[in-house]
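FYI, full-length UniProt numbering numbers position 506 of the sequence shown as 506, with every residue one higher than the one before it. Here a beta-carbon is modelled for each residue, glycine too, at the ideal position from N, C-alpha and C.
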Amino acid sequence: MSLRFILGRAGTGKSRACLDEIAQELKGSPQGPPLLFLVPEQATFQTERALATMPGLGGTIRAQVFSFRRLAYRVLQEVGGSARIPIGDLGKRMILRNLLEKHKDELRLFHRSAGQPGFADALAGALSELKLYNIDATSLDRCQTEVIERQGAGLLADKLHDLALLYGALKTFLEGKYTDPDDYLHLLAQRIPGSVMLRDAEVWVDGFAGFTPQELSVLAALMSACRRVNVALCLDPTELDEPCDLDDPFFRTRETQAKLLQLAFDRGIVIEKALHLVPAPGQSAPRFQHPELQHLESFYFRRPAPPWLGGTQSLFVCAAANRRSEVEGAAREIIRLCRDQGYRWRDVAVLLRDLESYYDSIESVFSDFGIPLFIDSKRPAPHHPLVELIRSALEAVLRDWAYEPVFRYLKTDLVPLSRGETDRLENYVLAHGIRGRRWRDREPWLFRRRLTLGEDALSEFSDQELAELAEINGARDRARAALASFHKAVVGAKAVRPITAALYQLLVDLKAPEQISCWIAEAEAAGRIEEAHAHRQVWAAVIDLFDQIVESLGETPLDLATYAVVMEAGLDSLKLSLIPPELDQVFVGSLDRSRCPGIRAAFVLGVSEGVLPARPKDDGIFDDKERERIYALTGLELAPGSRRRLFDEEYHIYVALTRASERCYLSYPLADAEGRAQLPSSVIARVRELFPQVTERTWLLEPGSLPTGAGLSGSAFAGAATAETAAMAQTALAARTTKEAAMSAVERELAEEYIVHPARSLSYLIPSLREALARRPVPLVWWAVYSWLAERPAWRELLARVLSGLWHKNREQDLPKPVSRRLFGDPLRASVSRIERFLACPFSHFISHGLRLKERRIFRLAAPDLGEFFHAALKQFGERLRRDRLDWGALPREELFRLTGEVVSDLAPQLQNEILLSTARHRYLTGRLQQTLSRAVIVLGEHARRGQFRPLALEVGFGPEELLPPVQVPLTGGRWMDLVGRIDRIDGFFVGDASWLRVIDYKSNRANLKLADIAHGLKLQLLAYLDVALRHGNRLLQGCALGEDRPSSLSAATACHPGGMLYFGICDPLLSTGGPLTRDEAERAILKEAKMCGHVLADPAVVAAMDGQTRQGYSPLIPVGLKKEGGFYSASSVLTMEQFALLRQYLQSIVARVGEAILDGLVSIRPHRRDDRLACSFCPYKSVCQFDLLLQDNDYRLLIDDPPEKIWEKIAAGPKAIFEGVIR
């Protein structure tokens, strides 16, 4: 029984010495006593591989590689102690959360923190630390007593009391049935004397810089039981007699050696002569193939130190703009080493102090470059489909089958629905607002959306509708079956065990094990070994999570909401520990845990201030001062505080600088992920001090300073786009074949650094080709790249596809006329709003009315729904007045409120499958709608009271099978277009045998109508409606129901004149006042806010018929102001009879020209811009047209509002200017 040290600095061969000694023992006696190699957990795979590949050994069962935890499992299986149920970290946290609640009233300090998120995790960490340092509850009690005796009661004493209480409660809970994994090493130390396996065994310990007290207890037991224990430590054997300061990189290993020597001395263990691995004078350590790296290892921490004279060929300092460019620079250099220097992927390691910040960048960039890699880090699995299924199933039940969790559940691919079925089901659910009871009921879904509020809800379904409903209900039954059973099982459950059992049954009902097995088989068949391992581990981890929850809290009363929180914490803590799927791959690891022996090149990324060395965080139960006070008062040793961990960073720096045998790259970004400036670490400054002429590089994201851009098109790739393109390609080939010798050194260096992978070279090529199109010089090497890609079938298609953007013009080809006629119909049937859409942008019209693309329907109350509701309500209100022969202006306010209430009650259930009755919020909104409608009818009543215009017709349709026929607009070539639509309201005023008509269009907000709006073709609706009313005025007059007010002089020959075209905004305005208002003042202010907008006839008699009470000044009802001496103010919106006639002619010309353009196939992307208002602002098709001002052919059609005189000149000239802008 003896102890022997194997001592040496980095690279001197300590690990190799351990392996050689084991190999020698095996060769001498293959069947002898066990040979154990004890290494850190994360190094077991690499060590087993190194041992298995030792020359001449073959297979062996005598030598075994263990970590401390694996050795504990092995010994406890042999001598007993492993029968009790192990509780993992998650199980312990859940138990502690339960104990905190149970003992809350007994806690002195933690009672306020007990229920806070994350406190149980912090408490579990503190108790694990106490166990690792062999401190039990009794020791804590004694410590508390000593603290009180020496410094009195206080926060520290209360903290120790609470920890002791919870520590003891945890021990009582676990006793006799469960095992805390933190106790394994304690049990191992106790059981080692009884192990037959360890008798006469020899142990080698390597890869540790220090040991916890628990691990030291195990080593002490091994010293007493085994023939010999060999411990390899990284320190300088020549300085053992010299004092060692805290900032010395070997301080920790020197301290570890001292502790082991004391343990051996206390137990009477023989201490053998240490094996000192020291290079011969003037020689480098075996690892370092270049003297520069030996110089770095020897003198980095020594001051003063001789500087290295001359440049460096194996040490490089690299700066990058940001992390992305830093990772890409490393990837390019790795490929260059493997391509030009004979390296294998496995010869390279990427080391980081902050692996988490670089994880995603490294994974994506290395994948883009085709570099196989293994990241030595436990990977979280929160987005795995199985994890998401469990999370969303619980949330769906808790949120009463709300849309979001239900469809997260359905989109996991673990539910028996295809993705297409899921998408169609989702569209149906969104359109009809389905949730809760409607999901769980067995009644089939028969919801459908009415096109209008007046549509009969009980009308028969068409065959197509029935087929669609059958498909939807079939998908719904398969979607809900397993989840409904789970809902039924858990909704009344009050304990952990039945809820977990129901969750497991859900997975069984969905055949999740079988589906995951299929994923594993598919991944393995495709060579995605890592993905297959991930699927296996997630399933095993989830089942283990279920077991831990049941074992730790099985019968604990817990409602579903609390259970979901516990399960969420468990799912978030799932980590995947993957072994390297390949032998030849780049190793990526963190400096504080990863081992990477035998590498030739090391890339140390992120050598920035605050990252390396890292700033320690003080985030435990005990802070640094409390740790020092406990040690000073009681002698109990806890884990090192943040100050000591800061000094330990020196060892991590030493590891980073000494891993490589041939090349060491130190890199740093100049900015962090948020773009903030970042300084290089003091490590960089020290390296520059030690190597004044160190090789420095700058890693750019792209070569040179070329602008980013698009590339050459597929047709140009074939040499057929233009003669210029074909000539350019020929020039490229000629330059490559005849002038390659003239390629400059800079270009060759460029080629060596950036042309490392075809896909990445293609992305670098694009900006160069754009430079060529701009007739600027391009490095010859990029023409060679283009030719290389074009000559290889594997890359030719990708080249054509990716580079197609260079010649891309975002300009649509007009449709052939036969196609246009088939698409839009002949004769063409169009509404006024469709005409306006075409004039806003022809392509938007093509998408909406040609391709008939529609936005996804969502069950929500949007502006169009409110508009539809108010239109229907005012129509029904007016019809009631007409039916009951009531005068709108004579009704008292109370009667108006009663009637509007009846109208709203009648229409509310008809809007979007009773959306106004679906929630308390919508029911409140129904009351607001009634209030707004009441305000509207009061204002309209005021119009009736003060004027003589009376409604002739409400919601008048013109078109096939409507009250009025369509307006037939003749087009060229014998074609015509039917103009169709619906007029909200037509009013009439009569004097003798003449009548004046006005049209009113209801808007759910205030709208204005300027003359320029009509001239630009943006607002033609009112003008078109007035034109229709005047065309069919006599028919309207003969069919109207004016009752006693109907003049006897009305006849088929009655002359109809334009009276006005007005918008009426349906609103309940908020008044902004400087103080209190009387009722009359408030009513006048409301009338002013609700004033109609538009244009009326410049005739005082007609104006008086609209507002007979305004003799002078501005009317509160219409946009007119009367002068005292007669006439109208200049701000009045009035038009003469001749101007109305001119506008009608202008309208007919516009409509005809639009109809011809549509049938001629015009679909150009030509949106308008008017001041800061853009046609694209509210267009739902922006993602389809891809309009982009950066593209040459994409620009706005600028609309300018001219003075009225010039506008009338343009109107008189016709709509030619509009179409020149649209057609270009």
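Check: Under a Cβ-count criterion, where at least 16 other Cβ atoms within 10 Å of its own Cβ denotes burial, should Ala741 be classed as buried or exposed?; Outcome: Interpretation of Ala741 is limited by its pLDDT of 46, a score under 50 that renders its predicted location unreliable; the figure taken from the coordinates is listed afterwards. Result: exposed.
Check: Tell me which residues share the same chain as Leu591 and place their Cβ nearer than 6 Å to its Cβ, disregarding the 5 neighbours each side in the sequence.; Outcome: Leu351, Arg353, His652, Val655 and Ala656
Check: Among residues of its own chain, excluding the 5 on either side of Gln730, which ones have a beta-carbon nearer than 6 Å to its beta-carbon?; Outcome: The pLDDT assigned to Gln730 is 42, lower than 50, so where the model puts this residue is not dependable, and the model offers no usable value.
Check: According to DSSP, which residues form a beta bridge with Trp996?; Outcome: Phe989 and His1057
Check: Is DSSP giving Thr698 helix, strand or coil here?; Outcome: strand
Check: Pick helix, strand or coil for Arg736, following the three-state DSSP scheme.; Outcome: Confidence at Arg736 is low in this model, with a pLDDT of 43, below 50, so the placement of that residue is unreliable and no value is reported for it.
Check: Would you mind stating whether Gly91 and Ser573 have Cβ atoms separated by less than 8 Å?; Outcome: no
Check: Taking its Cβ as the centre, do 16 or more other Cβ atoms sit within 10 Å of Pro680, making it buried, or is it exposed?; Outcome: buried
Check: Go ahead and label Phe461 buried or exposed: buried means 16 or more other beta carbons lie within 10 angstroms of its beta carbon, across all protein chains shown.; Outcome: exposed
Check: What residue from Glu421, Arg880 and Leu815 has the CA that sits closest to Gly1161's CA?; Outcome: Leu815
Check: Report yes if the C-beta distance between Val980 and Pro966 is below 8 Å; otherwise report no.; Outcome: yes
Check: Does the pairing of the stretch 242-253 with the stretch 85-99 give three or more beta-carbon distances under 8 Å?; Outcome: no
Check: If you follow the beta strand (DSSP E) that Phe37 is part of, which residue opens it and which one closes it?; Outcome: Leu35 to Leu38
Check: Quick one: is Glu662 buried, meaning 16 or more other Cβ sit within 10 Å of its Cβ, or exposed?; Outcome: buried
Check: Less than 8 Å between the beta carbons of Ala495 and Arg424, yes or no?; Outcome: no
Check: Taking one C-beta from the stretch 38-48 and one from the stretch 252-267 each time, how about it: are there three or more such pairs within less than 8 Å?; Outcome: no
Check: Going straight from the alpha carbon of Thr737 to that of Val781, what length do you get?; Outcome: With a pLDDT of 45 at Thr737, under the threshold of 50, the modelled position of that residue is not reliable, and no figure is offered here.
Check: With H, G and I counted as helix, E and B as strand and the rest as coil, what does DSSP make of Ala153?; Outcome: coil
Check: Below 8 Å, can you find three or more Cβ-Cβ pairs linking the stretch 402-421 to the stretch 608-625?; Outcome: no
Check: On the DSSP letters alone, give me the boundaries of the alpha helix (DSSP H) that Ile1158 sits inside.; Outcome: Met1137 to Leu1159
Check: Would a C-beta distance cut-off of 8 Å place Glu421 and Arg448 closer than the cut-off?; Outcome: no
Check: Would you kindly work out how many angstroms separate the C-alpha atoms of Gly974 and Asp826, rounded to a whole number?; Outcome: 11 Å
Check: Starting from Gly1065, follow its DSSP beta bridges and name the residues at the other end.; Outcome: Lys1003
Check: How would you call Lys575, buried or exposed, if buried means at least 16 neighbouring beta carbons within 10 angstroms?; Outcome: exposed
Check: Checking 8 Å against the spacing of the C-beta atoms, do Ala169 and His111 come in under that value?; Outcome: no
Check: Give me, in chain order, the residues of the same chain whose beta-carbon lies closer than 6 Å to that of Leu263; leave out the 5 immediate sequence neighbours on both sides.; Outcome: Ala220
Check: If we call anything under 8 Å between Cβ atoms a contact, is Ile1218 one with Phe1187?; Outcome: no
Check: For Leu925, tell me which candidate among Arg883, Ala890 and Leu866 has the shortest Cα-Cα distance.; Outcome: Leu866
Check: If we count the other Cβ atoms within 10 Å of its Cβ and call it buried at 16 or more, is residue 1236 buried or exposed?; Outcome: Residue 1236 lies beyond the residue range present for the chain, which begins at 1 and ends at 1224; the question has no answer from this structure.
Check: Measure the Cβ-Cβ separation of Gln931 and Ala1105 and say whether it is below 8 Å.; Outcome: no
Check: What residues are listed by DSSP as bridge partners for Arg8?; Outcome: For the sequence presented, residue 8 should be read as Gly rather than Arg. Per DSSP, Cys234 and Leu277.
Check: Does the stretch 788-803 come into contact with the stretch 370-383, if we say contact requires no fewer than three beta-carbon pairs (one atom in each stretch) closer than 8 Å?; Outcome: no
Check: Which same chain residues, not among the five before or five after Val490, have their C-beta less than 7 Å away from its C-beta?; Outcome: Val397, Ile499, Ala502 and Leu560
Check: Jot down the residue ranges of each uninterrupted alpha helix (DSSP H) in the stretch 533-578, minimum 4 residues, whole runs only, in chain order.; Outcome: 560-572
Check: Is the closest heavy atom of the ligand COA to the C-beta of Arg792 under 7 Å?; Outcome: The ligand COA is not part of the structure shown, which contains no ligands of any sort.
Check: Exposed or buried, Pro580, counting other C-beta atoms within 10 Å across all chains shown (16 or more means buried)?; Outcome: buried
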